[in-house]
Structures are given as C-alpha cells and as structure tokens.
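Asks:
In my numbering, the protein residues as written are 2 to 963.
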C-alpha cells in the first residue's frame with residue numbers, strides 16, 4: 002500500500018502528501034501530537050499517556066477533553082475529503098496511533114539507513130537529516146531523542162569520512178567532516194581528518210589555517226593544546242607551503258582576544274522563516290570564508306536583500322564564530338555619516354580626538370568580523386570613500402553591502418539577486434510546493450490564516466499569483482498577508498491593479514516596505530530626470546525589449562547608456578537570449594505597471610502607437626521572441642479600429658498556440674466586417690476557422706471555411722479559392738470525412754503545381770498523406786510524404802520543417818524501421834526548437850516516446866511522453882492533448898499501471914470519434930490489454946473514474962507519472 006503522508010521531523014515538522022503539504026497546525030500541541038505519534042509509530046498509545054505528555058499540568062479529565070479536541074484538529078488535514086475517517090489516524094478502544102500503511106517518516110528512513118551501514122545508505126541518511134529533531138520544541142522526550150539522533154548522525158558522518166579517506170574522495174570527505182564539526186566541534190579526530198583532506202588536495206595553507214582555528218578553540222573551550230596528531234599534521238603542512246605563505250600564517254594573530262572577549266552578534270530579530278535563497282546564502286558564505294572583503298547584494302526593490310544579509314551574518318556567527326554587526330543606513334541622508342553610523346551600530350563611544358576608524362579598529366577582535374551595511378543606494382556616491390577607508394584601514398573586517406547599485410570598488414564581489422523561482426506551468430501539486438515563491442506565499446499566508454494549505458483546489462491560483470508577481474518576495478509577502486480577506490482566486494482576479502492592492506497593514510515595517518508602490522517609489526526617486534523618462538517609456542513594452550526596439554519606440558537617444566544605467570540600478574533585468582540573438586531586457590511586471598501609471602494619457606498613446614507600428618513592421622520575424630509585444634500591438638490596433646493592421650499581426654502570430662484568437666473572433670463578428678477589404682475578410686475567416694479547431698469546434702470551422710471560400714470565389718482570386726478549399730478540407734478531416742478532405746486538398750495541390758509553389762505543394766502532400774495514414778493506408782501515405790520531403794528539400798535545403806520530419810518518422814516507426822524513424826523524430830525536434838514551434842516539438846517528442854516504447858525502454862518513454870503531453874497542453878489544441886493522454890496511457894499499460902491506464906483511456910476516449918483508424922486500433926488494443934490485466938470490477942471502477950474527469954483533471958492525473 003502506498004503511503005498517503007510522509008511526516009518530516011528533522012529540521013522541520015510537516016506532513017507531506019501528494020495533494021497537500023501540512024506545515025502549520027491550529028495549535029502547537031496539534032503539531033506535537035502528530036510528531037509524537039509519528040516518532041513512536043511502531044506502537045499505539047493510551048489516551049492517558051498522550052494527555053499527560055501534552056498537558057502534564059492538567060487534571061486527567063480536562064486533559065482527556067483537550068485531547069479529543071486536538072485529535073479532531075489533527076484528523077482534519079490528515080484525512081481530507083476522499084480519505085475515509087480513521088484510515089490515517091486510528092483511535093480505538095482508548096488507544097491512538099497512526100496507520101503505518103498510510104504513513105511513513107523521515108526519522109524511520111534515517112534510522113534504517115544508519116543501521117544498514119552500506120555507504121549509499123549512509124549518504125542517504127545524511128541527506129535525510131536536514132536538521133535537529135523538531136526544532137523549537139524542548140519537551141523532555143524531544144531533547145532525549147534529539148541527542149540520540151544527533152549521535153547517530155555524527156556516527157554516520159564519521160563512517161563516511163573513513164570511506165572517503167580510503168577511496169581518495171577528498172571534496173566529498175571535506176563536506177562530511179564539516180557537517181560533523183558543525184555538530185561537535187570538540188572532537189579532535191575530525192579536525193585531524195579535515196587537515197589530512199586539505200593536505201591531500203594540496204591545500205596546505207588551509208590545513209594550517211584550520212589548525213590555528215582548532216588551537217584557539219581547544220584553548221578556549223577545553224583549556225588544552227591540540228594533540229600530537231594534529232600538531233604533526235600542522236608541521237607537515239607548514240613544510241609544504243611557500244615560505245611567504247607560512248610566514249604570513251605564523252605571524253597573523255588568529256582571534257588573539259577570543260579568550261578575553263565574548264562573541265558579538267548584533268542582528269535584527271527575524272520572526273518569519275527564510276525561503277528560496279539558500280544557494281545565494283551559500284555563495285556569499287563561501288566568498289567571505291575564502292577571504293573576500295567586500296560582498297554586495299544587488300537587486301530591485303523587494304527582492305529580499307536585507308533578509309539574505311541577516312541570514313548570512315547569522316550563519317557566520319552561529320557556525321563559524323564570527324562577530325557580526327548590522328548597520329541600517331535607510332535613515333541617513335549623507336554618506337559622510339557612514340562611519341558614525343557604524344560606530345553607533347557597534348555601540349562604540351567616539352572620544353574627542355579619536356577618529357571613527359580608530360574606534361572601529363580598536364574594538365575588533367580577531368580576524369572574523371563582518372559588518373553589514375544595509376540600504377546604501379541613496380547615499381552611494383558619498384559613502385564609497387568611507388567604505389574604501391574601512392577596507393584599507395581596518396584589515397580584519399569584511400563588509401557585506403545591500404544596495405540597488407554596485408560600489409564598483411576593487412575586489413568587490415557582486416551578487417545580483419533575481420526574484421524567487423516561480424513554479425513551472427506543468428508542475429503537479431508536489432512540484433508547485435517545491436517552488437520557493439510558493440513556499441514563501443504559503444508560509445506568510447499561514448501567519449494570518451493558520452489553516453491555510455496548498456491544495457489541489459487552490460494551487461493553480463497560488464501558482465498564478467507567484468508568476469504574475471514575478472516571484473518578487475516583497476510583493477508575495479504583502480499579497481499573502483491579504484489571505485484573511487481574499488481567497489487566492491479572488492486575489493488573482495484583483496492583480497490587474499496590483500499597486501493599489503498590495504499594501505501591508507503591518508506596523509513594524511518601514512514606510513517604504515508597507516506597499517509595493519512605496520518600494521518602487523524609493524528606487525524611482527533616485528533616478529535622474531532623463532532616466533525617469535526612459536524608465537516610463539519602457540513600460541510600453543511587454544515581456545522584454547531589445548536595444549533596437551527601445552531606440553525606435555522610446556525615441557530618447559543614448560539608449561544603450563541608459564539601458565545599462567537602469568540595469569546597474571536593478572530596475573531593468575537582462576533576459577537570457579539565444580545564441581546569435583540580440584540582447585533582451587525586461588522590466589518586472591510590477592515596475593512596468595508603475596512606469597505606465599506615471600505617463601500622461603497623451604504620452605502613453607503616442608508610445609503605444611510607435612510601439613504598435615514597430616512590431617507591425619517586424620511581423621513574423623518578431624513572433625518567436627516578442628509574442629507579448631505583438632499581442633500588445635494587436636490590442637492597440639483593435640481598440641483603434643484598424644482591421645487591416647490587426648489582420649497583419651494576426652498572421653504574424655498564427656501558429657503560436659491560441660494567442661490572438663479572442664481578437665480574431667471579435668473582428669469576425671464586428672458589425673463593420675462587410676466593409677473590410679475582401680482579402681482581410683478572407684484572412685480573418687481563415688484564422689477564425691483555425692481558431693475553432695483548438696477547442697474541437699469542427700463543424701463551426703467547416704462552416705467558416707466555406708464562408709471564406711464563397712468570398713474568394715466572388716472576388717475571383719484563384720489563389721485564395723485554392724487555399725480556402727484546403728481550409729474546408731482540414732475541417733472535413735477532423736469531422737471524419739476523409740475522402741472529402743483528400744479531394745479538396747488534391748484541388749489545392751493542383752493549383753500549387755500549376756503555379757509552381759513549392760511551399761503549397763509541400764503542405765498538400767503532407768496533408769493528403771496524413772489523411773491516408775489515419776485511414777490505415779500506410780504505403781499510399783508514405784508516397785505522399787515522400788512528395789512533401791522532395792518539395793521541402795527544393796524549397797528549404799537542409800532546414801526542413803518539422804511536419805515533414807514528423808510524417809516521415811511515424812510511417813517508419815509503423816513499418817518497424819525504428820532507428821530511421823528515430824532519426825527523423827530527432828530532426829523534427831531540432832527543427833521545432835529552431836523555430837520555437839511548440840506544437841511541432843510536442844508532436845516530434847511523442848514519436849521519440851513511441852520509439853522508446855517499441856524498443857522496450859519504458860522509463861525513457863514515460864519521461865518523454867510526459868514532456869510531450871505538457872507541451873501539447875500548453876498549445877491548447879484539445880484533440881492533440883487528448884491524443885497525448887492516450888499515448889501516455891499506452892506506456893502506463895506497458896509498465897503494469899493498468900488501473901491508471903484504464904482511467905486515462907476513458908478520459909481520452911474522444912480520440913475515437915474522429916474516425917482515425919490507426920489511433921482507434923491502438924486505443925482498442927490498449928483497452929483490451931488493461932482489461933486482461935484487471936478484474937472486471939477493478940477495470941469498471943478505473944474506467945468510471947476517467948469518465949468523470951474533464952481534460953484538466955485528466956492531465957493532472959497523467960502528469961503524476963513521469
């Protein structure tokens with residue numbers, strides 16, 4: 002039986018399931034009860050035992066009454082709708098336990114891995130041990146078991162260290178030694194092991210440095226000297242380093258005053274959990290521990306620079322013994338006050354005749370000192386000389402700066418902080434819960450609504466909020482703080498006016514962090530008037546901008562210089578660009594909305610007109626990377642009542658999922674439609690017919706195509722008549738009228754051959770071949786596909802479109818020519834990626850999945866099918882998504898997931914309504930197969946589940962298997 006919940010207690014307390022993650026509990030004792038039952042899950046517990054554990058001070062009757070309420074509060078999240086009452090939390094005959102058929106724990110996995118003593122299992126044990134047992138809990142049983150698990154953890158690490166020494170795995174060994182030392186810093190054998198690893202990797206200077214650190218620790222904590230082995234290792238290391246390095250290490254006092262002065266930690270208290278910046282924190286720690294003297298956290302308003310700096314300082318203090326001071330400069334108006342601010346932050350008196358630098362230097366102890374200078378940007382220019390003086394005149398201090406602009410000093414290590422990772426479109430509930438932006442939102446929402454959880458019901462809205470807010474931590478925190486007033490869906494619906502919505506009610510925040518608008522105000526007001534105008538003008542762009550587009554549309558001159566200036570001030574982000582493509586930059590959406598609000602109506606109108614004209618001129622060439630800008634131009638022309646311009650942009654967007662379909666439909670029913678240019682009418686109707694195919698409105702597509710054909714005939718345009726016949730033929734094919742579709746397409750082909758249009762010929766051969774293929778006439782189809790390949794080679798040379806590769810690949814796979822079929826499939830994948838053709842990529846990936854299935858590599862087949870299915874759903878073409886679900890079901894049947902395959906087959910049964918012989922055969926064969934693998938009752942139950950699913954539900958069901 003597969004577990005429903007995994008209870009995690011190492012470094013956290015949460016229950017993680019497929020469709021929910023429970024990390025907040027109604028009361029502290031609800032969580033403690035879960036932990037106790039999970040930790041001692043091998044036995045049941047009397048109600049009296051549990052009541053005494055949770056309420057030792059209460060009378061027995063009151064304790065039992067409290068326990069009943071607590072059990073009810075715990076049962077609610079553990080047994081949501083769909084899980085029978087008592088299935089997870091069992092309470093019978095006065096005893097309570099968790100059902101081990103449905104619950105496992107990280108503690109049990111950790112203990113089992115340690116007991117195994119196999120190296121791989123020990124590594125797994127270290128991975129599972131993510132922190133102390135139940136942090137924040139100090140009950141007697143917790144403290145006792147915490148020490149026990151900690152001993153097991155250190156023992157596992159020591160065994161791994163021995164293995165790494167024996168096998169020469171130096172870097173891995175250093176990692177394990179450091180983890181062990183973080184738990185027990187007084188075991189000399191661990192210090193000796195670390196020194197041996199350093200010497201083995203020719204890092205003798207590091208070995209000497211560590212020896213000096215250990216000597217100071219031993220003296221301070223044990224009133225003793227290092228033992229013989231570490232002294233010998235130090236001597237060995239000293240002999241193998243250059244003389245100048247050895248002399249430096251010998252004469253520089255390492256923490257000389259440690260025994261006389263206690264550690265100093267002056268950091269602001271943080272009452273919320275830290276999310277999503279673990280890699281940035283480790284990078285910064287690594288730089289500081291390697292001797293970098295100046296680290297700068299750079300980023301736009303609201304990215305969490307201050308919080309990250311505090312976390313870095315806390316880690317250095319707690320794990321490395323550093324002295325740390327935090328100095329906020331937000332309220333200082335002049336950088337000339339910086340040194341005085343540092344003295345004040347360090348609580349140092351500045352006596353007459355003594356400079357602040359002398360006071361700072363005199364009060365530092367040892368070499369481990371970190372000074373955090375927070376919010377430097379508004380006094381940057383005048384502060385830079387003071388920072389330089391600190392670095393020059395106080396050699397035993399490192400400086401960590403948070404700013405929206407770098408200092409540009411020698412030796413500065415810049416860390417440009419982006420926003421938090423947002424969830425991927427195809428993520429299931431577990432995947433969404435792993436995204437740092439989602440974790441932050443859920444955590445902050447639980448601060449105001451303790452029962453808030455990420456569920457199947459609200460997860461899509463939460464993901465959309467995180468995406469629309471660009472993963473900006475400040476925006477997410479403020480939005481989550483509104484959870485007592487709005488559901489995630491309601492919040493999402495109001496994000497169109499995010500700057501008005503996102504205002505925090507917390508009184509402990511600085512004024513500039515109480516609203517998203519105030520945070521951006523702070524950055525905007527630091528810009529010169531010239532940069533302010535440029536920033537506002539850039540707000541007309543959607544989804545990114547190239548330098549050429551900014552120059553043409555904004556018309557401000559000096560575009561490159563100002564773009565780089567805004568980027569340096571963290572207001573403009575550089576996007577990744579494909580090899581050989583021009584550089585692209587982007588305003589975060591909240592910043593874009595802010596800039597647009599500052600423009601007058603006339604200014605905004607002029608910018609929109611220039612923007613639309615530029616992208617109208619770019620046309621199809623802009624479709625691959627500038628789809629959002631093309632859509633913005635389309636909406637402008639639609640609002641301005643310029644149908645011809647709309648049609649040109651719709652043609653440019655055609656073939657890129659469903660974008661623009663709303664405008665196509667609106668123009669087609671516009672009362673002025675009959676006054677449009679006839680060619681515009683035809684093109685709109687052709688586009689509309691295509692739009693109807695996506696939601697499987699095949700009859701409507703047929704009717705609209707015929708209407709376009711009538712207009713083409715009326716104006717006597719032979720080329721348009723031929724093209725519109727092809728459109729009617731497409732719809733006829735989807736309606737299952739194959740012979741009609743073939744006949745109309747042959748007329749289209751005749752015109753193409755008459756005028757020598759290779760593009761039309763290629764298209765016609767592919768279309769006829771496809772109709773023959775779905776009818777089961779494979780040899781005839783292959784001849785047509787060969788005609789398409791010949792035309793494509795004449796027209797495109799080596800850059801053959803994906804459709805040709807796809808068709809060649811599928812007939813070869815049918816014929817058992819698997820390797821040749823795979824070659825064409827891979828060529829199709831490459832061609833699709835080159836042109837950013839999402840549908841083509843999904844189709845060709847489905848062939849790759851089929852190849853792996855036929856070869857018997859079901860793991861690769863399932864993974865590739867999953868990617869194909871995700872991409873096809875993104876395109877939005879209902880029929881092809883259904884077909885992807887069916888193909889996924891076929892693989893599930895191959896790997897023995899027969900019930901799940903039956904459910905997906907029922908959900909995708911719509912593929913059999915189109916009279917596609919080849920697909921129908923595979924569908925029927927797979928149904929027969931799963932029927933033979935399941936009992937009649939099991940099959941009917943699984944099939945009924947699929948019948949009740951809509952396409953979205955079926956997709957998320959299928960997406961679990963990858």
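Note that CB positions come from ideal geometry on N, CA and C, so glycine has one too.
Counting Cβ pairs closer than 8 Å, one from the region 938-954 and one from the region 893-908, do we hit at least three?
Replies: The region 938-954 is in contact with the region 893-908.
Asks: To the nearest angstrom, how far is the alpha carbon of residue 475 from that of residue 310?
Replies: The alpha-carbon atoms of residue 475 and residue 310 are separated by roughly 15 Å.
Asks: What three-state label does DSSP hand residue 131 in the structure shown?
Replies: coil
Asks: Report yes or no: do the region 151-160 and the region 35-46 share at least 3 C-beta pairs separated by less than 8 Å?
Replies: no
Asks: From 706, 916, 919, 934, pick the residue whose C-alpha is nearest to that of residue 902; which is it?
Replies: Closest by alpha carbon: 934.
Asks: In whole angstroms, what separates the C-alpha of residue 946 from that of residue 22?
Replies: 24 Å
Asks: With a CB to CB cut of under 6 Å and the five nearest residues on each side skipped, what residues in its chain are close to residue 883?
Replies: 909, 911, 912
Asks: Cα-Cα, which of 195, 495, 299 is closest to residue 415?
Replies: 299
Asks: What residues are listed by DSSP as bridge partners for residue 892?
Replies: Beta-bridge pairing links residue 892 to no other residue.
Asks: Which whole-angstrom value is the C-beta distance of residue 198 and residue 164, which I expect to be below 8 Å?
Replies: About 13 Å; that fails the 8 Å criterion.
Asks: Alpha carbon to alpha carbon, how far is residue 592 from residue 651? Give it in angstroms, no decimals.
Replies: 28 Å
Asks: Using three-state DSSP, classify residue 443 as helix, strand or coil.
Replies: helix
Asks: Taking a contact to mean a Cβ-Cβ separation below 8 Å, would you say residue 192 touches residue 176 in this structure?
Replies: no
Asks: Could you tell me which residues DSSP pairs with residue 106 in its beta bridges?
Replies: 8
Asks: Taking C-alpha atoms, which residue in 196, 200, 205, 958 lies nearest to residue 215?
Replies: 196
Asks: Rounded to the nearest angstrom, how far is the Cβ of residue 762 from that of residue 753, given a contact under 8 Å?
Replies: 4 Å
Asks: Residue 42 and residue 106: beta carbons closer than 8 Å?
Replies: Yes, the pair counts as a contact, with Cβ atoms nearer than the cut-off.
Asks: Taking the alpha-carbon of residue 604 as reference, which of 98, 540, 780, 570 has the nearest alpha-carbon?
Replies: 540
Asks: Considering only residues of the same chain and omitting the five flanking positions on each side of residue 857, which have a CB-CB separation below 7 Å?
Replies: Here residue 857 has no same chain residue with a Cβ atom under 7 Å from its own Cβ, once five neighbours each way along the sequence are excluded.
Asks: Just the C-alpha distance for residue 333 and residue 317, rounded to the nearest angstrom, thanks.
Replies: Taking the straight line joining both Cα atoms gives about 27 Å.
Asks: Could you give the distance in angstroms between the alpha-carbon of residue 925 and the alpha-carbon of residue 917?
Replies: 12 Å
Asks: What's the C-alpha gap between residue 56 and residue 12?
Replies: 24 Å
Asks: So is residue 558 buried or exposed if we call it buried at 16+ other beta carbons inside 10 Å?
Replies: exposed
Asks: Pull up the distance between the alpha-carbon of residue 756 and that of residue 655, whole angstroms please.
Replies: Each residue's alpha carbon lies about 24 Å from the other.
Asks: Could you check how far apart the C-beta atoms of residue 876 and residue 839 are, in whole angstroms? I think they sit under 8 Å.
Replies: 5 Å
Asks: Verify whether the separation of the beta carbon atoms of residue 631 and residue 623 is less than 8 Å.
Replies: yes
Asks: Do you know how far the Cα of residue 521 is from the Cα of residue 468?
Replies: 19 Å
Asks: Excluding five sequence neighbours on each side, which residues of the same chain lie with their C-beta closer than 8 Å to the C-beta of residue 887?
Replies: 905, 906, 909, 912, 920, 923, 924, 927
Asks: Once you ignore the five residues that flank residue 9 on each side, which residues in its own chain have a CB closer than 7 Å to its CB?
Replies: 15, 17, 107
Asks: Give me the residue from 404, 665, 738, 31 with the minimum Cα distance to residue 998.
Replies: The shown model of the chain, from 2 to 963, leaves out residue 998, and the question about it has no answer.
Asks: Find out if the Cβ-Cβ distance for the pair residue 313, residue 340 is shorter than 8 Å.
Replies: no
Asks: Cβ atoms of residue 343 and residue 371: under 8 Å apart, would you say?
Replies: Note that the C-beta distance between residue 371 and residue 343 is not below 8 Å.
Asks: So, is residue 638 buried or exposed, given that buried needs 16 or more other C-beta atoms within 10 angstroms?
Replies: buried
Asks: Relative to the C-alpha of residue 458, which residue among 960, 963, 961, 954 is closest?
Replies: 954
Asks: Any chance you could list the alpha helix (DSSP H) runs of at least 4 consecutive residues sitting entirely within the region 55-86, in chain order?
Replies: 61-79
Asks: Could you tell me whether the Cβ atoms of residue 705 and residue 686 are closer together than 8 Å?
Replies: yes
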